[in-house]
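In our numbering, the protein residues as written are 4 to 140.
From the three backbone atoms N, C-alpha and C, an ideal C-beta is built for every residue, glycine too.
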Amino acid sequence: MADRIDWKKGDGLVPAIVQNAEDGQVLMLGYMNRDALMATLESGYVTFYSRSKKRLWMKGESSGNRLAFVDGAMDCDGDTLLVRVRPAGPACHTGARTCFGDSLPQGAGFLAALDELVRDRRAEMPEGSYTTSLFDA
């Protein structure tokens, strides 16, 4: 993967969108250079290039909230990475689950789908459906 990434476009850095592999929620955005990507692949934990510290930085190196690398993909232009992880704790330094805040409850997509299914079953009341039996009770 490292050889297919367009490292020149961003002066040796590419944005890395970090996504929870379990529920698909975007956790944070970091930047990687080739060394950070290689460190991630070798260690199994996500490593970024810190633009402020000018060095490699493993997420969670001081807090313990590391991001276990699951898999990754690059976008169609080869200049952005999607990094899927299993977080060991909050992704944000503020303690929030994501760096984009915790405005949506975890599992909101599942609950919306379940709500739609129950509404459909209520409208149709199919015979033999467990949901129908609950409405008939």
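Shown here, arginine 69 sits in coil according to DSSP, grouped into three states, outside any helix or strand.
Contact between alanine 94 and methionine 31 holds: their C-beta atoms lie close to 5 Å from each other, under 8 Å. Secondary structure of leucine 16 (DSSP, three-state): coil.
Where methionine 41 is concerned, the enclosing alpha helix (DSSP H) starts and stops at 37-46.
For phenylalanine 51, the pairing in a beta bridge is given by DSSP as Trp60. Remark: C-beta atoms of alanine 19 and phenylalanine 51 approach each other more closely than 9 Å. Counting along the chain, aspartate 139 sits inside the alpha helix (DSSP H) bounded by residues 133-139.
Here threonine 101 is buried: its Cβ has 16 or more other Cβ atoms, across all protein chains shown, within 10 Å. In this structure, leucine 85 sits near aspartate 78, with a CB-CB distance shorter than 9 Å. When beta bridges are read from the DSSP output, glutamine 22 appears opposite Val29, Arg87.
Taken through DSSP and simplified to helix, strand or coil, alanine 126 comes out as helix.
Counting of Cβ neighbours within 10 angstroms places proline 90 among the buried residues, the total reaching 16 or more. As the crow flies, the alpha-carbon of serine 65 is around 29 Å from that of aspartate 82.
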